[in-house]
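Those letters in the sequence shown? Residues 77 to 173, per our numbering, in order. These notes concern the structure reproduced below.
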Amino acid sequence: MAEPTPAPQVAVAAGPTGACLRFVGGEWRQLSDAVSQNTCVQMLFAGQCERPGGASYGRWGDTTLRLVPKRVEQSDDNRRFRTLVEQGPNCSIPQTR
77 MAEPTPAPQV AVAAGPTGAC LRFVGGEWRQ LSDAVSQNTC VQMLFAGQCE RPGGASYGRW
137 GDTTLRLVPK RVEQSDDNRR FRTLVEQGPN CSIPQTR
């Protein structure tokens, strides 16, 4: 008698998850509904560079994410932004915590 095939392993995000949204054309568009902050940052900004004075916006759960030249910032109140991660060479985004 053949042994049963084990169920495939499902990857589960470690830590908190939240909806990931991109601000485009004056509205929020959902990219995913339950991803880690790092995954959301990568989905939103990996490989994207901002010009001086420019900014691109996204949200992860209740946190606003903002790409400005050379870094990604985060804010819980849309007024005070703090650096989440510095942007790497070629507009890459290193892993966040």
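Built from N, CA and C at the ideal position, the CB exists for glycine as well.
For residue i, which residues in the same chain have their Cβ closer than 7 Å to its Cβ, ignoring the five residues on either side in sequence?
| i | result |
| --- | --- |
| residue 107 | 96, 97, 98, 119 |
| residue 159 | 147, 149 |
| residue 172 | 113, 114, 117, 160, 161 |
| residue 164 | 170 |
Would you mind reading off the limits of the beta strand (DSSP E) that contains residue i?
| i | result |
| --- | --- |
| residue 96 | 94–100 |
Between the C-alpha atoms of residue i and residue j, what's the straight-line distance to the nearest angstrom?
| i | j | result |
| --- | --- | --- |
| residue 149 | residue 170 | 13 Å |
| residue 127 | residue 152 | 24 Å |
| residue 109 | residue 101 | 20 Å |
| residue 91 | residue 111 | 10 Å |
| residue 105 | residue 133 | 11 Å |
| residue 86 | residue 136 | For residue 86, the predicted structure reports a pLDDT of 39, less than 50, and the residue's modelled location is therefore unreliable. The matter cannot be settled from this model. |
| residue 168 | residue 157 | 20 Å |
Looking at the structure shown, is residue i part of a helix, part of a strand, or coil, going by DSSP?
| i | result |
| --- | --- |
| residue 172 | coil |
Looking only at its chain, what residues have a beta carbon closer than 8 Å to the beta carbon of residue i, apart from the 5 residues adjacent to it on each side?
| i | result |
| --- | --- |
| residue 131 | 142, 143, 144 |
| residue 138 | 94, 152 |
| residue 166 | 123 |
If I measure Cβ to Cβ from residue i and keep anything under 6 Å in the same chain, skipping five residues before and after, which residues do I get?
| i | result |
| --- | --- |
| residue 154 | 140 |
Complete beta strand (DSSP E) runs within the segment 105–169 (minimum length 3 residues, chain order): Scanning the segment 105–169 from its first residue to its last, the whole beta strand (DSSP E) runs of 3-plus residues come out as 132–136, 139–144, 147–151, 158–162.
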